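Novice:
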Amino acid sequence: MQVARFAVNQYRFPGVEVKGYKRRYYPYNSALTHVIGYVSKINDKDVDRLDKEGKLANYASTHDIGKLGIERYYEDVLHGQTGYEEVEVNNRGRVIRQLKEVPPQAGRDIYLTLDLKLQQYIETLLAGSRAAVVGDRPAYRRYSGAGFNPEL
11 MQVARFAVNQ YRFPGVEVKG YKRRYYPYNS ALTHVIGYVS KINDKDVDRL
61 DKEGKLANYA STHDIGKLGI ERYYEDVLHG QTGYEEVEVN NRGRVIRQLK
111 EVPPQAGRDI YLTLDLKLQQ YIETLLAGSR AAVVGDRPAY RRYSGAGFNP
161 EL
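Residue numbers (the working numbering): 11 to 162.
(1) List in chain order: all unbroken beta strand (DSSP E) runs of 3+ residues lying wholly within the segment 28-76.
(2) Just verifying my parser: in three-state terms, what is the DSSP assignment at Arg15?
(3) Output needed for Ile80: all residues of its chain with C-beta closer than 8 Å, excluding positions within five of it in sequence on either side, in chain order.
(4) Please specify which runs of the alpha helix (DSSP H), each continuous and at least 4 residues long, are wholly inside the segment 73-150, giving them in chain order.
(5) For the candidate residues Leu124, Leu128, Val97, whose alpha-carbon lies nearest to that of Gln108?
(6) Let me confirm a value: Val49 is counted as buried when at least 16 other C-beta atoms fall within 10 Å, else exposed. Which label applies?
(7) If you count every other CB in all the chains shown that lies within 10 Å of the CB of Leu42, and 16 or more means buried, which is it?
(8) If I measure Cβ to Cβ from Arg104 and keep anything under 6 Å in the same chain, skipping five residues before and after, which residues do I get?
(9) Please classify Glu133 as buried or exposed, where buried requires at least 16 other C-beta atoms within 10 Å of its C-beta.
(10) Flag this pair as yes or no: are the beta carbons of Asp74 and Lys51 separated by less than 8 Å?
(11) My output table needs one value for Phe23: the three-state DSSP class, helix, strand or coil.
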């Protein structure tokens with residue numbers, strides 16, 4: 011409600027704008043971190059890699075990128091395409107007309123088949139140890155005991 015009120019009166023606050031920010035939610039904390047991975051802020055190393063791959067422009071308005079696991083492997087699928095708008099403005103910065111609009115494209119959904127109970131069971135078995143479990147079937151692919159909370 012307050013954001014809507016501000017948006018109506020935004021002309022009174024030149025140079026101030028409201029931007030939304032989405033954040034991933036990982037409901038199972040450390041149980042699936044090595045499989046799902048996590049997203050984090052884009053750093054200089056990411057910028058260099060994206061630039062070499064010709065993808066940097068698509069991250070101009072993005073804060074996060076997949077760093078590990080499925081989040082990193084499927085980054086191109088999950089990220090989507092950034093949109094933009096080219097406008098003509100007058101000497102006061104007011105928009106006169108729109109020259110071009112490229113709408114953003116949302117990333118696609120992916121569907122996983124993970125055995126959460128098995129992952130949690132292995133996590134309890136390996137608690138406090140430096141060990142890993144690797145399976146021969148895709149559904150049982152891996153678990154590492156050095157878990158972490160991806161929400162941090």
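Note that the Cβ used here is the ideal one computed from N, Cα and C, for glycine as well.
On a predicted model such as this, the values are computed, not experimentally measured, just so you know.
Specialist: Considering the structure as presented:
(1) As far as the segment 28-76 is concerned, its whole beta strand (DSSP E) runs of at least 3 residues are 48-51.
(2) If you number the sequence shown from 1, residue 15 lands on position 5. Arg15 carries a helical assignment under DSSP once its states are collapsed to helix, strand and coil.
(3) The residue labelled residue 80 in the question sits at position 70 within the sequence shown. Same-chain partners within the cutoff: Val45, Ile46, Gly47, Ile120, Leu122.
(4) 79-83, 85-89, 126-135
(5) As a position in the sequence shown, residue 108 is number 98, starting the count at 1. It is Val97.
(6) One-based indexing of the sequence shown puts residue 49 at position 39. The residue in question, Val49, is buried, as its Cβ has 16 or more Cβ neighbours within 10 Å.
(7) Mapped onto the sequence shown, residue 42 falls at position 32. Leu42 comes out buried.
(8) Translated into the one-based positions of the sequence shown, residue 104 becomes position 94. Closer than 6 Å at Cβ, skipping near neighbours: no residue.
(9) Here residue 133 is taken as the residue at index 123 of the sequence shown, counted from 1. The residue in question, Glu133, is buried, as its Cβ has 16 or more Cβ neighbours within 10 Å.
(10) Looking up residue 74 in the sequence shown gives position 64. Looking up residue 51 in the sequence shown gives position 41. Yes. Within cutoff.
(11) Residue mapping note: residue 23 aligns to position 13 of the sequence shown, counting from 1. DSSP places Phe23 in coil when its eight states are reduced to three.
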